[in-house]
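Okay, so the sequence shown: first residue is 1 according to the numbering used here, each after it adds one. By construction, the Cβ of each residue, glycine as well, lies at the ideal position given by its N, Cα and C atoms. Predicted model, so just to flag it, every value in this text is computed and none were measured.
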Amino acid sequence: MTDRRRFPRYRVKDGALAFIGAVPGAIVDISEGGMAVHYAVFGREPDRNLRLDIFLGSDDFLLKDIPASIVNDSTLDPDAPFRAVQVKRFSLRFGELSDQQKSSLRYFILHNTVSEA
1 MTDRRRFPRY RVKDGALAFI GAVPGAIVDI SEGGMAVHYA VFGREPDRNL RLDIFLGSDD
61 FLLKDIPASI VNDSTLDPDA PFRAVQVKRF SLRFGELSDQ QKSSLRYFIL HNTVSEA
């Protein structure tokens, strides 16, 4: 199986969040082309095409209104005894970013990742 990603993915420091609407998800890894997020689904899942914000308080970092689409999702621990909240891993591809968003994303990757994923 070949990897279709154009950009390398990097593991993100603890505490980095992606807000899809008002609900935060933990960012697992990120690249200039997309990211993976662990996200608690309360009720209905987000639309396949969405906008999100990236936040990391320890770096005072906020990148708003990023267009993205869910290209894959999987349920984490589907056999867990407590299913009131379903946790999923979403693989997201970024849409068209402005030059400012691209620059901020590069900054985030440079300063807030720990290793290649």
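1. For residue 118, tell me which candidate among 61, 15, 17, 40 has the shortest Cα-Cα distance.
2. For residue 108, name the three-state secondary structure that DSSP assigns.
3. Look at residue 32 and residue 105 and say whether their C-beta atoms are less than 8 Å apart.
4. Identify which residue in 37, 90, 65 has its Cα closest to the Cα of residue 14.
5. Go through its chain and collect everything with a Cβ distance to residue 95's Cβ below 7 Å, but skip five positions before and after it.
6. Which class does residue 25 belong to by DSSP, given the choice of helix, strand or coil?
7. Please check the pair residue 92 and residue 21, which I expect to be a contact at CB under 8 Å, by giving their CB distance rounded to whole angstroms.
8. Just the Cα atoms here: how many angstroms apart are residue 6 and residue 86?
9. Relative to the C-alpha of residue 109, which candidate in 53, 29, 76 has its C-alpha closest?
Taking the definition as stated:
1. Beyond the ends of the chain as shown, which are 1 and 117, falls residue 118; an answer cannot be given.
2. Within the sequence shown, numbered from 1, the residue matching residue 108 stands at position 108. Of the three classes helix, strand and coil, the one that applies to residue 108 here is helix, per DSSP.
3. As a first step, residue 32 must be located in the sequence shown, where it is residue number 32. As a first step, residue 105 must be located in the sequence shown, where it is residue number 105. Yes. Within cutoff.
4. Taking the first residue of the sequence shown as 1, we reach residue 14 at position 14. With distances taken between CA atoms, residue 14 lies nearest to 37 out of 37, 90, 65.
5. Working through the sequence shown from its first residue, we reach residue 95 at position 95. 67, 68, 69, listed in sequence order.
6. To locate residue 25, count along the sequence shown from 1; it is residue 25. It is a strand residue.
7. One-based indexing of the sequence shown puts residue 92 at position 92. One-based indexing of the sequence shown puts residue 21 at position 21. In fact, because the Cβ distance is near 14 Å, the residues do not count as touching under 8 Å.
8. Here residue 6 is taken as the residue at index 6 of the sequence shown, counted from 1. Here residue 86 is taken as the residue at index 86 of the sequence shown, counted from 1. As the crow flies, the alpha-carbon of residue 6 is around 30 Å from that of residue 86.
9. As a position in the sequence shown, residue 109 is number 109, starting the count at 1. Among 53, 29, 76, the Cα nearest to that of residue 109 is on 29.
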